[in-house]
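Engineer: In the numbering used here, the protein residues as written are 4 to 610.
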Ligand code: JFZ
């Protein structure tokens, strides 16, 4: 079962990491974003960032193994606009405000912003302390984004925070020092391919001020290479150089940059988005945590609200519990989570972003073992009530949805349990009772969750964790199983990506192209027999008729509405007559089946 899934997922992730999504053209955007001008598709910028783990990565990989959690900061000239230009608000990722899909600001206009850039409220110590309080192990900050403005003192190019602004100081010196002082790592984001203001840079002007045509090589030699030398030699030890959006940048340039990093910072990691598979680890698509374990060194990057850079209107903050959900599932899938904040143009950090980070950080301080140095879940996917991380013979069950009825159900664990303890976040813990039932482990719990955010049960096993990762229908909590985990016949599993707001990418693996007789089929394990409510999550047009059938058992069908937004539609009750394994299939059998895109199936116990 696991093998099959990992293969399927490898394909999904491979496709997603390759990001050369020519198919994207067919995949209509969900939200009307202005059509990019010719040659201005965002997705041809991502290049080949698939990275294979190499043996020599072991030492540098330590950062990810121990850390698992980092702060990303998008801060630049664009932060002064906060997505408002000439009184008009543009919705989307703030650092792209210059782009023609956003405000479309001409280069000379944009450069003028530097005249008023004076981030007097930037407090490097406070930012480093915030990351520390959040439980994050290092900070990666934009030294230069696609706009070409250097947020540090660059001798290679005057368009920087010291030479071009009234501020006239290098805040990166302060931040590098502050990180050292509070005891966390420091590193730089650098946009190596795209430079929208320097002649010859990716998507930049094609001519210099003198009217003479400029090539990418001009940009590379005059700005990119010297700047990468600067950021890797003038800020002490750095942990990562986070290159981004390689596009079709020739390999030799990427190789040269990596050589510089290796020479100046032999212990630093290079992000996969350097391109050509030359980085040390893989950055998965933005704002997304994978649903199945992923091998090798990788991270997910995400942001506290919906934009990377500050956007004045964006109060859509992740709550501390959401942050923990994303972090724990990232660690559970075997990766590292890097969560972004976007300081304002004056350098201050929005209070709610800080609150979300501190709220989740307090939890991490109570249960550090769930995050730091923790290994992936032997279930290879999340569980209905939460997720699992591991260390040696110990499982940490992070319970996000405390089950009613005083029992937690854990399917498929083959080991003998030595002990099970409910952690209290302090030194003490409470031993809890557990029993085995039809291959499930059942833990007795107090009625109320002991932790207001996420409670943790530590289970010590005899031997290394040995688990059957089959999907199992929880007897208490709703179980959603994604379509990407189904066997599909007479239909197709396809990845759909779209921008919710400009630059805010969403991704769904969905079953489409339904043919007569087509089905998505899951194998599920049932502990408590009886009736369960079934819902399907899909998009489509008009009314659709769906059939859900248990192989050799009951089949139900129903007509429900559809819309362009993924939503749970109730199909009906279905009966599992006894405990054990079942195959359950879902099919779109009537209506505009060509419009139907199935994302998942949900089983909810009646009581
Ligand atoms: C890039 C940048 O363009 C963006 O401004 C931001 O800095 C973000 C962290 O990275 O955007 C991307 C790059 C890659 C993907 C999506 C957005 N991707 O691989 O899905």
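Note that the Cβ used here is the ideal one computed from N, Cα and C, for glycine as well.
Residue 526 lies in the beta strand (DSSP E); which residues open and close that run?
Structural biologist: Here residue 526 corresponds to residue number 523 of the chain shown, with the count starting at 1. From DSSP, the beta strand (DSSP E) with residue 526 extends over 522-529.
Engineer: Using the C-alpha atoms, what's the distance from residue 150 back to residue 290?
Structural biologist: To locate residue 290, count along the chain shown from 1; it is residue 287. To locate residue 150, count along the chain shown from 1; it is residue 147. Roughly 21 Å separates the two Cα atoms.
Engineer: Residue 349 and residue 130 look like a contact to me (Cβ under 8 Å); what is the Cβ gap, rounded to whole Å?
Structural biologist: Counted from its first residue, the chain shown places residue 349 at position 346. Counted from its first residue, the chain shown places residue 130 at position 127. Contact flag wrong, Cβ pair sits at about 13 Å.
Engineer: In this structure, how does DSSP classify residue 358 when only helix, strand and coil are distinguished?
Structural biologist: For the purposes of this step, residue 358 is taken as the residue at position 355 of the chain shown. Residue 358: helix per DSSP, three-state reduction.
Engineer: Please name the residue or residues paired with residue 188 in a DSSP beta bridge.
Structural biologist: Start at 1 with the first residue of the chain shown, and residue 188 comes out as number 185. Answer is 141, bridged to residue 188.
Engineer: Could you give the DSSP three-state label for residue 216: helix, strand or coil?
Structural biologist: Walking along the chain shown from the start, residue 216 turns up at place 213. Looking at residue 216 - three-state DSSP - the assignment turns out to be strand.
Engineer: For residue 231, which residues in the same chain have their Cβ closer than 8 Å to its Cβ, ignoring the five residues on either side in sequence?
Structural biologist: Mapped onto the chain shown, residue 231 falls at position 228. Within the same chain, residue 231 has close Cβ partners 193, 195, 244, 260, 263, 264.
Engineer: How about residue 83 and residue 120: are their beta carbons less than 7 Å apart?
Structural biologist: The count along the chain shown starts at 1 and reaches residue 83 at position 80. The count along the chain shown starts at 1 and reaches residue 120 at position 117. In contact: residue 83 and residue 120 (Cβ atoms closer than 7 Å).
Engineer: Might you give, ordered along the chain, the residues of its own chain that have their beta carbon closer than 8 Å to the beta carbon of residue 4, omitting 5 neighbours on each side?
Structural biologist: Taking the first residue of the chain shown as position 1, residue 4 is located at position 1. In this predicted model, residue 4 has a pLDDT of only 29, less than 50, meaning its place in the structure is not dependable; the value taken from the coordinates is given anyway. Result list for residue 4: 471, 472, 473, 526, in chain order.
Engineer: Tell me the rounded alpha-carbon separation between residue 487 and residue 109.
Structural biologist: What you label residue 487 is simply residue 484 of the chain shown in a count that begins at 1. What you label residue 109 is simply residue 106 of the chain shown in a count that begins at 1. Going from the Cα of residue 487 to the Cα of residue 109 covers about 43 Å.
Engineer: Rounding to the nearest angstrom, what Cα-Cα distance links residue 169 and residue 125 in this structure?
Structural biologist: Your numbering for residue 169 matches position 166 in the chain shown. Your numbering for residue 125 matches position 122 in the chain shown. Rounded to whole angstroms, residue 169 to residue 125 spans 14 Å at the Cα level.
Engineer: Helix or strand or just coil, what does DSSP make of residue 596?
Structural biologist: Taking the first residue of the chain shown as position 1, residue 596 is located at position 593. DSSP places residue 596 in helix when its eight states are reduced to three.
Engineer: Between residue 592 and residue 501, what straight-line distance do the alpha-carbon atoms span, to the nearest angstrom?
Structural biologist: Locating residue 592 in the chain shown gives position 589, counting from the first residue. Locating residue 501 in the chain shown gives position 498, counting from the first residue. Each residue's alpha carbon lies about 27 Å from the other.
Engineer: In chain order, what residues of the same chain have a beta carbon less than 8 Å from the beta carbon of residue 603, not counting five sequence neighbours either side?
Structural biologist: Start at 1 with the first residue of the chain shown, and residue 603 comes out as number 600. The residues are 483, 484, 485, 486, 539, 540.
Engineer: Relative to the alpha-carbon of residue 279, which residue among 157, 258, 361, 101 has its alpha-carbon at the smallest distance?
Structural biologist: Within the chain shown, numbered from 1, the residue matching residue 279 stands at position 276. Closest by alpha carbon: 258.
Engineer: Please classify residue 476: does DSSP put it in a helix, a strand, or coil?
Structural biologist: Within the chain shown, numbered from 1, the residue matching residue 476 stands at position 473. In the structure shown, residue 476 sits in a strand (DSSP, three-state: E or B).
Engineer: Is it right to say residue 498 is buried, meaning 16 or more other beta carbons lie within 10 angstroms of its own, or is it exposed?
Structural biologist: As a working mapping, residue 498 is identified with position 495 in the chain shown. By the neighbour-count rule (16 or more Cβ atoms within 10 Å), residue 498 is buried.
Engineer: Drop a sphere of 10 angstroms on the beta-carbon of residue 42, count the other beta-carbons inside from all chains shown, and report buried for 16 or more, exposed for fewer.
Structural biologist: The count along the chain shown starts at 1 and reaches residue 42 at position 39. Bear in mind that a pLDDT of 43 at residue 42, under 50, signals an unreliable position, so the model cannot answer this.
Engineer: Rounded to whole angstroms, what is the Cα-Cα separation between residue 246 and residue 154?
Structural biologist: As a first step, residue 246 is located in the chain shown; it is residue number 243 there, counting from the start. As a first step, residue 154 is located in the chain shown; it is residue number 151 there, counting from the start. The alpha-carbon atoms of residue 246 and residue 154 are separated by roughly 15 Å.
Engineer: Please state whether the Cβ-Cβ distance between residue 324 and residue 456 is less than 7 Å.
Structural biologist: As a first step, residue 324 must be located in the chain shown, where it is residue number 321. As a first step, residue 456 must be located in the chain shown, where it is residue number 453. The answer is yes: Cβ separation under 7 Å.
Engineer: Which residue or residues does DSSP assign as beta-bridge partners of residue 204?
Structural biologist: In the chain shown, counting from the first residue as 1, residue 204 sits at position 201. Looking at the DSSP assignment, residue 204 forms no beta bridge with any residue, so it has no partner.
Engineer: Evaluate residue 314 with the Cβ neighbour count: other Cβ atoms within 10 Å of its Cβ, from every protein chain shown; 16 or more gives buried, anything less gives exposed.
Structural biologist: Counting from 1 along the chain shown, the entry for residue 314 is found at position 311. Residue 314 comes out buried.
Engineer: Note down, in chain order, each residue of its chain lying with its Cβ closer than 6 Å to the Cβ of residue 59, except the 5 sequence neighbours on either side.
Structural biologist: Walking along the chain shown from the start, residue 59 turns up at place 56. The pLDDT assigned to residue 59 is 47, lower than 50, so where the model puts this residue is not dependable; a value taken from the coordinates is nonetheless given after this. Correct list: empty, nothing qualifies.
Engineer: Is it buried or exposed, residue 226, if we count other Cβ atoms within 10 angstroms and call 16 or more buried?
Structural biologist: On the chain shown, position 223 is the one that residue 226 refers to. With 16 or more Cβ atoms within 10 Å of its Cβ, residue 226 is classed as buried.
Engineer: Any heavy atom of the ligand JFZ closer than 6 Å to the CB of residue 311?
Structural biologist: Your numbering for residue 311 matches position 308 in the chain shown. Checking the Cβ of residue 311 against the ligand JFZ gives yes.
Engineer: Decide if residue 429 is buried, meaning its Cβ has at least 16 other Cβ atoms within 10 Å, or exposed.
Structural biologist: Residue mapping note: residue 429 aligns to position 426 of the chain shown, counting from 1. By the neighbour-count rule (16 or more Cβ atoms within 10 Å), residue 429 is not buried but exposed.
Engineer: What span of residues does the beta strand (DSSP E) with residue 496 cover, start to end?
Structural biologist: By 1-based counting over the chain shown, the position of residue 496 is 493. Per DSSP, residue 496 belongs to the beta strand (DSSP E) from 495-502.
Engineer: Does the beta-carbon of residue 98, which I'm using as the reference point, lie nearer than 6 Å to any heavy atom of the ligand JFZ?
Structural biologist: Start at 1 with the first residue of the chain shown, and residue 98 comes out as number 95. Yes - the ligand JFZ has a heavy atom lying nearer than 6 Å to the Cβ of residue 98.
Engineer: Which residues bound the beta strand (DSSP E) around residue 542?
Structural biologist: Residue numbering aside, residue 542 sits at position 539 when the chain shown is read from its first letter. Note, residue 542: beta strand (DSSP E), 533-542.
Engineer: Return the residue from the list 465, 251, 589, 512 that minimises the CA-CA distance to residue 547.
Structural biologist: Residue numbering aside, residue 547 sits at position 544 when the chain shown is read from its first letter. When only C-alpha atoms are compared, the closest one is 589.
Engineer: According to DSSP, is residue 378 helix, strand or coil?
Structural biologist: On the chain shown, residue 378 is found 375 positions in, with the first residue counted as 1. Three-state DSSP puts residue 378 in a strand.
Engineer: With a threshold of 6 Å (Cβ to nearest heavy atom), would residue 288 be considered close to the ligand JFZ?
Structural biologist: For the purposes of this step, residue 288 is taken as the residue at position 285 of the chain shown. Residue 288: yes, Cβ under 6 Å from the ligand JFZ.
Engineer: Can you tell me whether residue 608 is helix, strand or coil according to DSSP?
Structural biologist: Position 605 of the chain shown, counting from 1, holds the residue named residue 608. Residue 608 falls in the strand class under three-state DSSP.
Engineer: What's the C-alpha gap between residue 662 and residue 391?
Structural biologist: Nothing about residue 662 can be read from this structure; the chain reaches only from 4 to 610.
Engineer: DSSP three-state label for residue 371, please.
Structural biologist: For this step, residue 371 is matched to residue 368 along the chain shown. Residue 371: helix per DSSP, three-state reduction.
Engineer: Would you be able to state if there are at least three C-beta pairs under 8 Å between the stretch 323-341 and the stretch 290-305?
Structural biologist: Touching, yes.
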